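In our numbering, the protein residues as written are 11 to 157.
From the three backbone atoms N, C-alpha and C, an ideal C-beta is built for every residue, glycine too.
Just so it is clear, the structure is predicted and the values come from calculations on it, not from any experiment.
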């Protein structure tokens, strides 16, 4: 008769091996079916054949936008912290919680507006063929199907 420990160890090894194979297969499947992430800033510099002047102007726009984005993200984090404190202290959606939500929404809205303005400012620097390629990249980044 076989030892119960031997059976246990064999079953444990089979389970670990099966889990490893299943994990590997799942990761491979997931990665092969994941949508391609489009980093618009990278695509602009890589794909649009910018002139040195366009590149310089776009870098200037990107630097200014990075500051705005950072400030607005900090405001969103602060508003979210205030909301968490209001909810955890009072356990109700009262005036401090409402104010924190309004502050969070205002910062989110402002960031969305600044992002749109930033994208359009970059587009304004492009020639017509670059603008057409840029529009395709923006559409892809927004999840629209290719036209």
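Option in the options with minimal Cα separation from residue i
i	options	result
residue 67	54, 79, 90	54
residue 60	80, 138, 94	138
residue 143	56, 36, 14	56
Beta carbon of residue i nearer than 8 Å to that of residue j
i	j	result
residue 50	residue 136	no
residue 107	residue 97	yes
residue 124	residue 64	no
Own chain, CB closer than 7 Å to residue i, minus 5 neighbours either side, in chain order
i	result
residue 117	82, 85, 86, 89
residue 95	none
residue 74	none
Sequence-distant residues of its chain with Cβ nearer than 6 Å to residue i (five each side left out)
i	result
residue 102	none
residue 19	none
residue 140	58
Other residues of its chain near residue i: CB distance less than 8 Å, five sequence neighbours each side excluded
i	result
residue 47	Below a pLDDT of 50, predicted positions are generally treated as unreliable, and residue 47, at 47, falls in that range; the measurement from the model is reported next regardless. Once the five neighbours on either side are set aside, residue 47 has no close Cβ partner at all.
State whether the region 123-142 contacts the region 94-113, with contact taken as three or more CB pairs (one from each stretch) at a distance under 8 Å. no
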